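Visitor: Structure provided below as structure tokens; questions to follow.
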Amino acid sequence: PIAPDLAQIIANKHGYMFPSRWTGHVEASYIAHHISQLLGNGYSTHSLRHRYATKAYESTHDLLLVSKLLGHASVETTQIYISLTFPDSSAITEAVRL
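Going by our numbering, 87 is the number at position 85 of the sequence shown; the sequence numbering is gapless.
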């Protein structure tokens, strides 16, 4: 999903979203290369997808929703995409203490 204003810009666009200088469109690898150059090593279009999944889950705690947003057929696939950091477990232990 994308922001409504960006969706409108895309809907109004004619031709290729990423046209090449000469003919047709640029290849996905070209875009990926430039993303890596802009963001630094370790970043790729795929790692950004993982980041999106993690942030979406952190804000909603709804695994099924995130799975649908990513277009996954299985929630198990989505779980692979989500990187969670766990807080100190002592707070949880204290909360459930008898």
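We put the CB at the ideal spot given by N, CA and C, even for glycine.
Treat the numbers as computed from the prediction; the structure is a model and nothing was measured.
How many Å lie between Val77 and Arg51 at the Cα?
Guide: 15 Å
Visitor: If we count the other Cβ atoms within 10 Å of its Cβ and call it buried at 16 or more, is Ser31 buried or exposed?
Guide: Label assigned to Ser31: exposed.
Visitor: What residue range does the alpha helix (DSSP H) around Glu29 cover?
Guide: Looking at the DSSP string, Glu29 is not in any alpha helix (DSSP H), and its letter there is neither H nor E.
Visitor: Are three or more beta carbon pairs between the stretch 78 to 85 and the stretch 55 to 62 nearer than 8 Å?
Guide: yes
Visitor: Note down the Cα distance separating His48 from Pro6, rounded to an integer number of angstroms.
Guide: 23 Å
Visitor: Tell me which same chain residues have a C-beta within less than 8 Å of the C-beta of Ala34, skipping the five on either side of it?
Guide: Ser46, Thr47
Visitor: Are Leu66 and Tyr59 closer than 8 Å when you measure CB to CB?
Guide: Using a Cβ distance threshold of 8 Å, Leu66 and Tyr59 do not count as a contacting pair.
Visitor: Within 10 Å of its beta-carbon, does Val68 have 16 or more other beta-carbons around it, so buried, or fewer, so exposed?
Guide: buried
Visitor: Quick one, are the C-beta atoms of Leu71 and Pro21 less than 8 Å apart?
Guide: Cβ atoms of Leu71 and Pro21: not closer than 8 Å.
Visitor: Going by DSSP, what residues sit across from Pro21 in a beta bridge?
Guide: Beta-bridge pairing links Pro21 to His27.
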